[in-house]
Amino acid sequence: MDSSETQYLFKETRLNLEPPAPASVVTIRVPSKSGGGRQQQRLALESSAEDETTFKIKNLASASSVYHRRWHDTPRSFLWRVLEDGTLLSIRAADVCKKDKAPDAPLVLNFHFAVPIQQGCVAFADPEEHDALCVFVLDQASQLYTFTLRPDLFRKKTAVDAGLSELGKVQSPAGLGFKTAHRLVAVSADILLATVNDGGMIRFDKSRTDDTSSGLWKESFFNVQGWAQNLRSLLPFQGKHTIRYGKVNMEYSAATSLQVTSFGLENALFAITVCLDHRMRIWNIEDGQILYTGDLLDVDRPPQEVGKWSIDPSQANLVQVVGRHRGQRFCATYSPIGPGEFKFWKIIAKDSHTVMVEDMFPRNTLLPPTPSSSDIWTLADFVLASPTEGAVNVWTLWKNNMTYRVQRLELDRKNMGPTWESGWEGVYADTAIVAAQTSGPCDSTDVTEKWLQAILQPGRFTKATLETALSIYERGLGKSKDSSKGRGLAESICSVLGSTASLERGPSGAMDYEQFRASSETQWRRFYRLLIELDRQRGEAIGLALDPEADMVWVVCTDLLSAITECSNLERLHHNITKPDEDQVDQAALVGSALAFVDGFSDNYVQLCTAVLRQEIFEESSKTDLERIQYFSDKAGFWRGITDEDCAQVVDALGTNFGVVTDDLYRSVLDLIAAPPEAKRRHLRHPLTEFGKKLVMKGVQDNIDLQWKVCFSQLILLVHMEFEFDTEEEALHHRVSIGPVYRELVSALRRLELLKWLSRTELSIPLFKTEKGAAPVLSKKGAKETQVVTALEANVGHLLGFGNVRNEPLSFSITELIANLCAPDSDIEVSPTLIQCSLVKQERADLALDLAPFCDQNPFSVYIQGRVMLVLRDFESAAINFRKAAIGMATQNVQSDRHSCGLLDDTEWNLLNSGQAKYYSHIVALFEAHRAYAYVLDFARLAVQFLNVGKSNESAHADMLSRLFNAALATSQFELAHTSLLSMKNEALKHSSLRKLVDKMCETYHSHELVSLPFPGMQQDVETILAQRCRNAMDVINGFPYHQVLYAWRMKRSNYRGAASVILDRIQKLRHAGEGDKIDGEDVLDTPVTRHYLLLINALSCVDPKQAWIFDEGVEHNGEAPRRKVVSLADIRKQYQDELDRIAAIQNNQFGFEAGDVMEIA
């Protein structure tokens, strides 16, 4: 069947397996009895440069699959991978959803082995009696490791440390001393089955006693003759006809594929094997008897043709078994010889030793059709699924080098021939390489920014891929890797690629920016091709993994995990656009013609249309619908780039005058992007795990791209059709209501643009969720362990999940969840305002600002815009938003859900919707926290204005006055501070505020304003404060001149004697400081002391002569308390004259000796 005829009913969602952070990986060194022969190689590997070989060894798995537990489900699914040449086994939980309130399991356990793991010898089991995962590993030294992993090991690192000693046990089976195991299967936690190279099998039974001195496992040997193997079978066995596989000779009777079933019988176990001699054998593994032997294609072949029909030992999955009936199973085998052929068998087990095998379709040659006839495809794997009793689906995995395709067939047993030929359904794999658009001269985004967005898109490339590509690129340029040390990944990429292009002058002498842009574009495309080549290796398929309980198939790749989900209605139409269903022909014509029409646009016209669309999405318009369409057409101007051929293709698809287009057709197309009715209003009983969130986020990214492409092209085509007519009567709006269609498309694109921004914006969040009251998990360096996730996952992930996972396939539930999230009428709330709250809470207000165009204009949204601007310190914009939101946020008795993602606490919520006064007081507190005191003044005034004076509001009134006063102080608006001070009723608060005001005005040298303020009823308090400052001021030379302020204060209020006392105190302190003889000007008699004497005499001269006296308090000297005395104006004048005489004598070199003088004689 050619790919052009395949109906795509399913799609792939590819998920990177990169751990969220290094801290989520737990390394466990597994001790070995045979020593560490691989340590040197591993050390060399770790120290070698990041080349392509190292990249493959470290990141690309040689074997991998998903194991689903049967008995326990928290977690239920586990992804395991074998890396680093078989020396590392990596296991992680891979559940998409979990039970409500169940803990997540984010850890990855890496088991490092000293000896490489034997290929095909990793097995898992789920013990029914206790919740654990049993892991069984055989290495190339024939050592059997048994690990019992409790679920806590995948949740908490402390659980790994505590249980490390009891984690695993090792045994060297005697039966593998001279034989080599080929496949290992876990029948249960107590029974293992290993096929060996001599054609026999070894059964391992777990010891039931606590004494394991003789070994944890008891061995039983079976050979092809059907009896227990004796001691001679332990000798090396080589027949005449063997196949060389690696270093081992494989007997033709050796089993390469194995399935174990009980057929529903009690105390019976059967092994159905496909052997290298192209035969199927059925064993009773209780006693080792072979109950059936037959050719895979049910053909009798002579013994001499065995070599021609031998199967390659690397084939691991050639038989599958399904069924629920007691004693009966449906079996499928695949013969890889030649073109490959399937056979389906009905196997009936009457008892433990009687088996009947019947070819269900003996007349049909069931050659599976390849995905396309033009390429060479190889069937790499297949699985059988039986979602309900009697229904059987075949899933096939085809490979062509590193490319793969998956197909499904629902078997119709009554009409097998035609169904087999034409009933195969395809799985759509979006393997298109999406590169950045070419940057043009009119593009505002430069080459580097566009390519960085494409390369660093979340989920696109792993960090290891980017680092390896950069290392190879650097080596190609001849640079050392050391040049990028100490830089981030994006910075390193820009630095290396930027060094390859230089801005030079053109022939005219001007800077040749076009040549620089073209050169940069070339280097980025080279680097991108290198990335694609590395990434293609990561997507090489290893096999299929079926989850029978959830009815979901996974494609396991070397470094990817791909979930196969059902196509949504839009995806099904888009992926089958050339072969639609009969009832979707017109829909396919409308969608397909629009996509082809826009694909013909140049990049410049696409950019113009996108720019005009942004205005339509984000700006409120008062225009009518037809005016908006006209405006879009005029501004975008894409009609200038349309050819007659482009128009003819649209007419061919939609008929003359676009006759196919009707209101009903548009309604049916718009319904494709609407939310599925079944997905809405579901109870979230099974929330997504961290693994499930990443899977859904990747699916959402893919769906956003598809929906955006379809809706954008529909909008462009609608505008084109509206103005493509010969006469006015033929205009589309005369027969189709294009206005509502235009509005719905714009609405859908608005939500998609929001989701696109969220899915491409990354945030750092805590790696491990901590319980309330618990300490956060810290790294070795003491910092919090974080992981990088998209803003969509961080803010919407907790809203995603499923209802009842048992009633429908998980592949369908995932599709509906993704479609519901992207739909314009979705019931999953994606509130830009609440996301802004979360971003501000996480100190990412810069990202919150980017969401502003998406927010509506309701009061809470406008208030949050103010909070965003406040954090960004755009105080003017914040104040404008707070004022706009005032009426709505202050209105009382308004019901609020109080959702703010933790941005507002209960105290803040209580101030909202409780009146204007409380609202403005809340805004005052916000501005005050950011020290924006100018705005504190504005809003504090408003708060005081709306506060009703009463006993109930006394504390609030006092608080606002205090904040107003402090803000006025901070902004040096002292008159306002003085006014606020006078309004205060609380005496204690008033006095402390007065002290602040006096000190602030003195410190800022506003003493003139201080003296001028009236301070009614507080003048004495001001004087007391200043007097205390004067007493405490001992450094009168460099300190603040409080004496002068107090002198001016007292002189202003005619307290001349008080002013004189202050000056006398300052004179004494100046003398004590030794400043009495310092000459400031040309006049030798002009010193600080003499000037102050003049002030003192002037002050006392203003008093009645009888009252012209003051107390001389003196200055403490050498610890002696000063004596208080009275000095008159005459005394002051005499002291002044004495001071002048003393200075004159000094200037005339007239020195006297006093009794206290001491002379040093050398």
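Residue numbers (full-length UniProt numbering): 1 to 1162.
Positions of the beta carbon are idealized from the N, C-alpha and C atoms, including for glycine.
Asked, Found
"Three CB pairs or more closer than 8 Å across the stretch 562-573 and the stretch 5-17", "yes"
"Ordered list of beta strand (DSSP E) runs contained in the stretch 846-931, each at least 3 residues", "none"
"Residues near V383 by beta carbon distance below 7 Å, same chain, minus five either side", "Q320, W395, L544, L546 and V553"
"Counterpart residues of M201 in DSSP-defined beta bridges", "T195 and F222"
"Own chain partners of V900 with C-beta closer than 6 Å, once the 5 adjacent residues on each side are dropped", "According to the sequence displayed, residue 900 carries Ser and not Val. Excluding sequence neighbours, S900 sits near C837."
"Bridge partners - I117, DSSP secondary structure assignment", "D139"
"Member of E730, A1060 and I1067 whose CA lies at the smallest distance from the CA of N657", "E730"
"C-alpha distance - Q708 paired with L749, whole-angstrom precision", "Reading off the sequence shown, one finds Trp at residue 708, where the question assumed Gln. Going by the C-alpha atoms only, they are around 6 Å apart."
"Inter-stretch contact at 8 Å, needing at least 3 Cβ pairs: the stretch 660-678 / the stretch 753-772", "no"
"Exposure of L60, with buried meaning 16 or more beta-carbon neighbours within 10 Å", "buried"
"Candidates A518, R1031 and V1011: closest to R1053 by CA position", "V1011"
"Buried versus exposed call for Q143 [16 or more other C-beta atoms within 10 Å across all chains shown]", "buried"
"Beta-carbon proximity of D874 to D702, cut-off 8 Å", "no"
"Per DSSP, the bridge partner or partners of K11", "Y428 and T565"
"Continuous beta strand (DSSP E) stretch holding K399: start and end", "N393 to N400"
"Residue 1208 versus V96: straight-line alpha-carbon distance, rounded", "Residue 1208 is absent from the structure shown; the chain starts at 1 and stops at 1162."
"Inter-residue Cα distance where the pair is R614 and A162", "56 Å"
"R279 in three-state terms, based on DSSP", "strand"
"Whole-number beta carbon distance between V710 and H574, since they are thought to touch under 8 Å", "7 Å"
"Between the CA atoms of A93 and P236 - distance to the nearest angstrom", "With a pLDDT of only 47 at P236, under the threshold of 50, the placement of this residue in the model should not be trusted; the figure read from the coordinates follows. Rounded to the nearest angstrom, the two C-alpha atoms are 41 Å apart."
"Outcome for V196 when other beta-carbon atoms lying within 10 angstroms are tallied against a minimum of 16", "buried"
"Terminal residues of the beta strand (DSSP E) in which Y145 lies", "L144 to L149"
"Extent of the continuous beta strand (DSSP E) run through Y473", "Run containing Y473: none in the beta strand (DSSP E); it sits in the alpha helix (DSSP H), K463 to L477."
"Backbone CA spacing between L752 and C822 [nearest angstrom]", "7 Å"
"Burial state of F723, where buried means 16 or more other Cβ atoms lie within 10 Å", "exposed"
"Distance, T468 Cα to E491 Cα", "15 Å"
"Q1135 versus S972 - alpha carbon distance", "42 Å"
"Backbone secondary structure at K450 - three-state DSSP", "helix"
"As assigned by DSSP and simplified to three states, the class of T1024", "helix"
"Segment contact, 8 Å Cβ cut-off, at least three pairs: the stretch 1102-1114 with the stretch 1125-1144", "yes"
"Rounded Cβ spacing between V944 and L926 (contact assumed at less than 8 Å)", "Rounded, the Cβ-Cβ distance is 17 Å, inconsistent with contact."
"From I91, K99 and F178, residue whose alpha carbon lies closest to that of L153", "I91"
"With 16 other Cβ atoms within 10 Å as the buried cut-off, status of T815", "buried"
"Span of the alpha helix (DSSP H) around L1085", "Unbroken run through L1085: none, as it is neither H nor E."
"Residue 1173 to A123 span [Cα, whole Å]", "The question about residue 1173 has no answer, for the chain in this structure spans 1 to 1162."
"Local conformation of R183 per DSSP, three classes", "strand"
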